[in-house]
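Numbering (the numbering used here), first residue to last: 102 to 258.
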């Protein structure tokens with residue numbers, strides 16, 4: 102893992118404060134999330150306090166501080182999605198998966214993240230699973246989608 106950091110840091114040789122966000126994004130792409138250890142290493146490398154890094158990272162929705170499931174569900178809760186039933190979809194997801202926003206299920210299969218806007222308002226309500234978009238979601242299509250992922254894993258309830 103130490104060599105992973107060295108390779109990433111080599112891509113940001115100038116050690117500028119402006120490199121913080123792209124560096125964090127790159128590390129998250131590799132490791133899946135930003136651990137306390139990662140944030141400390143970045144702070145040391147860029148000579149930025151851990152508190153400042155957390156302040157920046159927690160400001161943006163796209164940074165995660167814990168592992169995500171094999172199927173990372175991002176539910177849009179922007180205005181169009183909200184009006185189109187995202188709240189109902191959220192309740193159903195929480196009920197079926199037995200997790201809340203920001204959590205991962207016990208099997209590590211599903212994680213749930215509510216985001217303020219995905220930017221496809223004409224296709225509301227929608228969710229993203231592992232960077233694939235599912236649009237015009239209904240309660241029925243949501244249930245079918247979750248079953249299809251469980252079938253892939255041979256984990257039908």
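Virtual Cβ for every residue (Gly too), placed ideally from N, Cα, C.
Let me know if residue i comes out buried or exposed under the rule of 16 or more other beta-carbons within 10 Å of its beta-carbon.
{"i": "residue 168", "result": "exposed"}
{"i": "residue 249", "result": "exposed"}
So what does DSSP say about residue i, is it helix, strand or coil?
{"i": "residue 138", "result": "helix"}
{"i": "residue 109", "result": "helix"}
{"i": "residue 161", "result": "coil"}
{"i": "residue 250", "result": "helix"}
{"i": "residue 186", "result": "coil"}
{"i": "residue 143", "result": "helix"}
From this set, the options, which residue's C-alpha is nearest residue i's C-alpha?
{"i": "residue 244", "options": "217, 255, 230, 197", "result": "197"}
{"i": "residue 126", "options": "220, 157, 212", "result": "157"}
{"i": "residue 146", "options": "111, 180, 159, 177", "result": "111"}
Just grab the DSSP bridge partners of residue i for me.
{"i": "residue 235", "result": "228"}
{"i": "residue 175", "result": "214, 229"}
{"i": "residue 205", "result": "212"}
Inspect the CB distances between the segment 119-138 and the segment 167-187 and report whether three or more fall short of 8 Å.
yes
Using 8 Å as the Cβ pair cut-off and three pairs as the minimum, do the segment 205-216 and the segment 170-185 touch?
yes
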